[in-house]
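Notes to accompany the following structure.
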Amino acid sequence: GIQVEQSPPDLILQEGANSTLRCNFSDSVNNLQWFHQNPWGQLINLFYIPSGTKQNGRLSATTVATERYSLLYISSSQTTDSGVYFCAALGNTPLVFGKGTRLSVIA
Amino acid sequence: GAGVSQSPSNKVTEKGKDVELRCDPISGHTALYWYRQSLGQGLEFLIYFQGNSAPDKSGLPSDRFSAERTGGSVSTLTIQRTQQEDSAVYLCASTRGPDRAQYFGPGTRLLVL
Numbered sequence: 108g109i110q111v112e113q114s115p116p117d118l119i120l121q122e123g124a125n126s127t128l129r130c131n132f133s134d135s136v137n138n139l140q141w142f143h144q145n146p147w148g149q150l151i152n153l154f155y156i157p158s159g160t161k162q163n164g165r166l167s168a169t170t171v172a173t174e175r176y177s178l179l180y181i182s183s184s185q186t187t188d189s190g191v192y193f194c195a196a197l198g199n200t201p202l203v204f205g206k207g208t209r210l211s212v213i214a
Numbered sequence: 024g025a026g027v028s029q030s031p032s033n034k035v036t037e038k039g040k041d042v043e044l045r046c047d048p049i050s051g052h053t054a055l056y057w058y059r060q061s062l063g064q065g066l067e068f069l070i071y072f073q074g075n076s077a078p079d080k081s082g083l084p085s086d087r088f089s090a091e092r093t094g095g096s097v098s099t100l101t102i103q104r105t106q107q108e109d110s111a112v113y114l115c116a117s118t119r120g121p122d123r124a125q126y127f128g129p130g131t132r133l134l135v136l
């Protein structure tokens, strides 16, 4: 099945800084999603992005399906951005999650 | 409803007891997934329902785990003879189809003493 790797595993940012989170996947995918898991454990959809680029406020994502990676950009980070960011990919098997990037934004 | 709901929010049980966890998907979503997340870990797929097709049970860790989906809507995940290693957050997600965006419920936090 598909393997999903995320980097970096941990990231500490000063409030206002920008960051890029990376997701590599081992095979072609039909679905690629980014989620934010807040400190209360709720998984919040950020992007459904099997290919191309999407933007939502301070967040944007790009998936290059032919090269099997996706990037999540966070600009002007805020303390409320803290939490774990998961990438998940769907090929011919149910959604496979990476281990996540734990982001801490400090004031 | 507006989102995926799960009940109970928290469940504490004694080793050896059976537990039932419930998931109400978003209305109109034909596909439903169960996942498990152990402390500090990523999500582990358990089982997948799509319409009236036979469920994909390939992620269930043992025969103590089972799930059903009645009427194509509500799903129940049952864990028999719970063990301490079953302690985790159990998450349910629904989607309009297998290649569509998944939407997650708040999860049930299970603690087996």
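For the record, the sequence lines run as chains A and B. With the working numbering as the guide, the letters of the first sequence map in order to residues 108 to 214. With the working numbering as the guide, the letters of the second sequence map in order to residues 24 to 136. For each residue, glycine too, the CB sits at the ideal point set by N, CA and C. No experiment lies behind these values; they were computed from the predicted model shown.
Contact check for residue 120 of chain A and residue 212 of chain A: beta-carbon distance about 5 Å, within the 8 Å limit, so the pair qualifies. Inter-residue distance for residue 169 of chain A and residue 141 of chain A is about 11 Å (C-alpha atoms, whole angstroms). Relative to residue 47 of chain B, the option among B:134, B:126 and B:132 whose CA is nearest is B:126.
In the DSSP assignment, residue 210 of chain A falls within the unbroken beta strand (DSSP E) covering 208-213. Distances from the alpha-carbon of residue 191 of chain A to those of B:105, B:57, B:64 and B:89 put B:64 closest.
Residue 42 of chain B and residue 36 of chain B have their alpha carbons spaced roughly 8 Å apart. Put simply, the backbone Cα of residue 105 of chain B is about 32 Å away from that of residue 198 of chain A.
CA-CA distance, residue 122 of chain B to residue 210 of chain A, rounds to 28 Å.
Around the beta carbon of residue 164 of chain A, fewer than 16 other beta carbons sit within 10 angstroms, so the residue counts as exposed. Residue 57 of chain B is bridged by DSSP to B:70 and B:115. By the 16-neighbour rule on beta-carbons within 10 angstroms, residue 116 of chain B is buried. Bridge pairing for residue 79 of chain B: B:71 [DSSP]. Rounded to the nearest whole angstrom, the CA to CA distance from residue 26 of chain B to residue 118 of chain A is 30 Å. Taking 8 Å as the upper bound for CB-CB distance, residue 136 of chain A and residue 204 of chain A are not in contact here, some 13 Å apart.
Residue 114 of chain B has its alpha-carbon roughly 14 Å from the corresponding atom of residue 54 of chain B. For residue 85 of chain B, no beta strand (DSSP E) encloses it, and the DSSP letter there is neither H nor E.
For residue 167 of chain A, DSSP records a beta bridge to A:162 and A:180. With respect to the 7 Å criterion, residue 40 of chain B and residue 133 of chain B are not classified as neighbours on the basis of their beta carbons.
An exposed status is given to residue 108 of chain A, since fewer than 16 other beta-carbon atoms sit within 10 Å of its beta-carbon. At least one CB of chain A lies nearer than 7 Å to the CB of residue 124 of chain B.
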